[in-house]
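Listed in order, the protein sequences are those of chains A and B. If you're matching positions, the first sequence starts at 1 in this note's numbering and goes up one per residue. If you're matching positions, the second sequence starts at 1 in this note's numbering and goes up one per residue.
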Amino acid sequence: MVDFSNQPTMKGFFAPTRFEADVYDCEVVGKIPADLNGVFVRLGGDWLYPPKFEDDSPFSMDGYINMFRFKNGVVDYKGRWVKTPRFKADRAAKKQLFGKYRNPFTDDPSVAGLDRSVQNTTPLAFAGKLFTLKEDSLPYEIDCNTLETIGPYNFHGKYKSLTFTAHPKVDPVTGEMICYGYEAEGLETNDVFLYTINKKGEVTRELRFKVPYVAMVHDIAITQKHVIIPIFGFVSSMERLKEGKVHWGWDDTKPAMVAIVPRDGEAKDIRWFKGPSRATVHTLNARDEGNKVIFEAPIYDSNPFPFFPPIDGSAWDSTKARAYIRRQTFNMNSKDDGFTEEKLFEMNVSDLGRVDDRYMTQPYRYAFTAYADKQRPFEEWKAGNLGGRVNNCYGRFDLATGKMNSYFAGSTHSVAEVCFIPRKNGGEGEGYIMGVANNYAEMRSELIIADAQRLEEGDVARVILPFRATAQVHGRWVDENELRFA
Amino acid sequence: MLTRRDFIAELAFAGAAMAPIAMLPEGILAPGQMGARAAVVSIHMEQPYIDATGRALPYLPPDGLCAGAPVAHLSETEFRRRFVYL
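Shown next, in the form of structure tokens:
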């Protein structure tokens, strides 16, 4: 029988929920905007069984997909486990069989060779299909109406990498998806396979190249001409895995490197730029300006994840685990491998930032992300003493003026990643922001909807769930006509 | 931290011993004995609370569930090890 009583931090709001759920016609405070028809789909994780190792990464949690279905002013909620081979094996054994994050050497021998992916990072709607993404395996196709798991997907056999990024980019001009897999030929290989897939879901281009060292390649950005691929100090090796460690450790001696890959070029055309130690886990946007590539992202000073510890045995430094919105400029005519960097805002933010996706690859003005505002009230006597440690606001960051507009979620709340939903035929930044908040006083989750141009005015509507939704990594809005919804 | 599960396991025997007292009808015990009869255990956020006031009151969280409290004591490193995107 499962026992979470020995998990000291899986308590209170953070206790596993573990159930699948359907809520029809959710309670709503306010009024759902009439022009919101589609689905806000979220992917994250929960523990079906407790982790085998106390020091494992939360990125090993079993995938759980859930969605808020908006139709004619009414919202339904549905949540389902992503039923991977790993999930099914654990469920059959009634215990956790899998060991540390991306380390099969720590697994129970009975599951050797089984797909050990947990599918807990990003949902994706593309070419009429809904997928879950986790960077250690192929995408998993999901039924967009039932959220039941269909299985791994390889784009008609033409996608050859064994892995698929959690952050493909869809070019709004061409409709093409630029995607990739790293450790593409297997565990600890230094291969990256970069793909272009057209809007019908057909692979039209493959480029294979190698990275200077085996490193996390979590997110990219695209311009009309280039793909920008940052790598940084999360390193790995087969020796490390055989020693029973989690996949990644942090090596502060590794330079942050950025590959600028021509979208129509070959491996020999790739330029590698080098900079100071940084961690660019997630990106915002990029564009070409003459012979320059301009790239913006919330970039950490150093290692953001204490569960991927420094390989030199030093302590994780929380003061360097802060992300700032920065601009990096790459001169494609330069003879050296340097680049310039500017900090665009002095406040640190969540690195789960978003832009108006219609402006991807193009000049743009607004970035959206969450942040912790310690000046806002936090009612510890209702919510517990988390004040100042959790993101309680969403911000709209104006890259043209340097100003920021703020939405405050509430005095007993924290917020997950923000999502921006454009208003049809509206200009950049016209539309809604959406995201799920934890309400620690009421022990429930609430979906926030606010007008992106009037954040200070608060919610337009708030969807109330009568329970805690599972923790989210990424969420995406899927418009009514993108998938065949019932 | 004493958890609900541990508490129930450890006090199962003691609970059985106390049961005859708890089942006594109203008015049987003298006023001085009411404290023993009125002992109330309540569980909040997996933690047992034992009412020692003799007023037969369960633990009532202060106008809110304080659902973040069980992890509020964690160091920044331990907190971020579990809740990196909170």
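From the three backbone atoms N, C-alpha and C, an ideal C-beta is built for every residue, glycine too. Note that the coordinates shown come from a computational prediction; the quantities given were computed from them, not determined experimentally.
Name, in chain order, the residues that DSSP records as bridge partners for residue i.
i: L504/A; result: For chain A, the structure presents residues 1 to 486; residue 504/A sits outside this window and is missing.
i: F330/A; result: V293/A
i: Q495/A; result: Chain A is shown from 1 up to 486; residue 495/A falls before or after that span and cannot be answered.
i: Y213/A; result: DSSP output for Y213/A lists no bridge partner at all.
i: C179/A; result: Y195/A
i: T149/A; result: I142/A
i: V436/A; result: L447/A
i: M347/A; result: In DSSP, M347/A forms no bridge with anything.
i: D136/A; result: For D136/A, which the question treats as bridged, DSSP gives no partner whatsoever.
i: K169/A; result: I178/A
Is it true that the CB of residue j sits closer than 9 Å to the CB of residue i?
i: F68/A; j: V463/A; result: yes
i: I449/A; j: P123/A; result: no
i: F368/A; j: V418/A; result: yes
i: E296/A; j: R326/A; result: yes
i: N392/A; j: D373/A; result: yes
i: P70/B; j: T470/A; result: no
i: V246/A; j: N103/A; result: yes
i: E176/A; j: I142/A; result: no
i: Y371/A; j: E428/A; result: no
i: Q328/A; j: E346/A; result: no
i: V227/A; j: A279/A; result: no
i: R354/A; j: L399/A; result: no
i: F209/A; j: R271/A; result: no
i: H282/A; j: P298/A; result: yes
i: Q96/A; j: L48/A; result: yes
i: S487/A; j: E188/A; result: Residue numbering for chain A in the displayed model covers 1 to 486; residue 487/A lies beyond these limits and cannot be assessed.
i: A221/A; j: K268/A; result: no
Does DSSP classify residue i as helix, strand or coil?
i: T511/A; result: Only positions 1 to 486 of chain A appear in this structure, which leaves residue 511/A out of reach.
i: S318/A; result: helix
i: A15/A; result: coil
i: E341/A; result: strand
i: P58/A; result: helix
i: T223/A; result: coil
i: A36/B; result: Its pLDDT being 47, under 50, A36/B is placed unreliably by the model, and the measurement read from it follows with that caveat. A36/B falls in the helix class under three-state DSSP.
i: D25/A; result: coil
i: Y359/A; result: helix
i: L465/A; result: coil
i: F131/A; result: strand
i: A22/B; result: Low confidence applies to A22/B: its pLDDT is 46, below 50, so where it sits in the model is not reliable, and the reading given next is rough at best. A22/B: helix per DSSP, three-state reduction.
i: A30/B; result: Here the model assigns A30/B a pLDDT of 44, short of 50, so the residue's position is not dependable and the matter cannot be decided.
i: F4/A; result: coil
i: R82/B; result: helix
i: A16/B; result: No answer about A16/B holds up, because its pLDDT of 45 lies below 50 and its placement is not dependable.
In chain E, what lies closer than 9 Å to residue i by C-beta?
i: P168/A; result: Included in the structure are the protein chains A and B, with no chain E among them.
Consider the C-beta atom of residue i and the heavy atoms of the ligand FMN; say whether any pair is separated by less than 8 Å.
i: E456/A; result: No copy of the ligand FMN appears in this structure; indeed no ligand is present at all.
Checklist entry - In chain order, what residues of the segment 403-425 of chain A put their CB closer than 8 Å to some CB of chain B? => result Listed by position along the chain: T412, S414, A416, E417.
Item to check | Residues of the segment 304-332 of chain A whose Cβ lies closer than 8 Å to any Cβ of chain B, in chain order | outcome: Taking 8 Å as the cut-off between beta carbons, the residues of the segment 304-332 of chain A near chain B are P304, F305, P306, F307, A315, W316, S318, A321, in sequence order.
Checklist entry - Can you list the alpha helix (DSSP H) stretches of 4 or more residues lying completely in the segment 235-310 of chain A, in chain order? => result Taking only runs of at least 4 residues, the alpha helix (DSSP H) segments lying wholly in the segment 235-310 of chain A are 238-242.
Next on the checklist: Extract the residue ranges of the beta strand (DSSP E) inside the segment 68-112 of chain A, only unbroken runs of 3 or more that lie entirely within it.
Outcome noted: For the segment 68-112 of chain A, whole beta strand (DSSP E) runs of length 3 or above, ordered along the chain, are 74-81.
Next on the checklist: Quick check on the DSSP output: what are the complete alpha helix (DSSP H) runs of length 4 or more inside the segment 371-396 of chain A, in order along the chain?
Outcome noted: If we require 4 residues or more, the alpha helix (DSSP H) runs fully inside the segment 371-396 of chain A come out as 380-383.
Checklist entry - Going along the segment 383-402 of chain A in order, which residues come within less than 8 Å of chain B, judged by CB to CB distance? => result Under the 8 Å Cβ criterion, the segment 383-402 of chain A contributes A383, G384, N385, L386, R389, V390, N391.
Next on the checklist: So if I threshold CB-CB distances at 9 Å, which residues from the segment 473-485 of chain A count as touching chain B?
Outcome noted: Only those residues of the segment 473-485 of chain A whose C-beta falls short of 9 Å from the nearest C-beta of chain B are listed: V473.
Checklist entry - In the segment 431-463 of chain A, which residues sit with their C-beta less than 7 Å from some C-beta in chain B, listed in chain order? => result Of all residues in the segment 431-463 of chain A, Y440, A441, E442, M443 have a Cβ within less than 7 Å of some Cβ in chain B.
Next on the checklist: Can you pull out the residues from the segment 124-147 of chain A whose beta carbon lies closer than 8 Å to at least one beta carbon of chain B?
Outcome noted: So the list is empty, because no residue satisfies the distance condition.
Checklist entry - What residues in the segment 333-361 of chain A bring their beta carbon closer than 8 Å to a beta carbon of chain B? => result Per Cβ criterion, the list reads S350, L352.
Next on the checklist: At a CB distance below 9 Å, what residues from the segment 50-82 of chain A approach chain B? Give them in sequence order.
Outcome noted: Within the segment 50-82 of chain A, the residues whose Cβ lies closer than 9 Å to some Cβ of chain B are D55, S57, P58, F59, listed in chain order.
Checklist entry - Quick one, which residues of the segment 9-38 of chain A are near chain B if we go by CB-CB under 7 Å, in chain order? => result Those would be T9, K11, G12, F13, F14, in chain order.
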